[in-house]
Amino acid sequence: MTFWGVEVDSSDNAMICRDKSKGRLHISRATLGKGRNTNRCIVLCSVGGEPPVFLCSLRAETNESCELDLDFDEDTVVFLSVDGPLTVHLTGYYREKRKNKDGDESETQEED
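Quick note: my numbering has the sequence shown finishing at residue 287, numbered continuously throughout.
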């Protein structure tokens, strides 16, 4: 696995262009950045030109972090944005591909 992270705020969308050599992107967590504003921040995601959907709603002092479990294909372009006053840090990892004994590629799986 390779760590991945991005900081997103309301002034700029984060476009994640995929690199097939890294594997599938898994986003695991959204966390509010520093600040005291208690208005909510909504994290949005748009894939393949579709309208954005809400991933989570964060608010300082009450709900500053949200666990996510999102996987995106290697050839998918993902747009992440924030509607709110604070930055949001999204973290996760790339699921690396490995060749099995038959020479086929498969994704590594996390062990529970």
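Using N, Cα and C, we set each Cβ at its ideal position, and we do this for glycine too.
In this structure the segment 207-226 touches the segment 252-259; the number of beta carbon pairs closer than 8 Å is three or more. Cβ atoms of phenylalanine 247 and arginine 199 come within 8 Å of each other, at about 6 Å.
Thr266 is the residue among Glu249, Leu261 and Thr266 whose C-alpha sits nearest the C-alpha of cysteine 241. Counting the other CB atoms within 10 Å of its CB gives valine 252 a total below 16, which places it among the exposed residues. Each of Thr237, Asn188 and Arg204 was checked against the Cα of glycine 180, and the nearest Cα belongs to Arg204. Contact check for arginine 234 and threonine 262: beta-carbon distance about 14 Å, past the 8 Å limit, so the pair fails to qualify.
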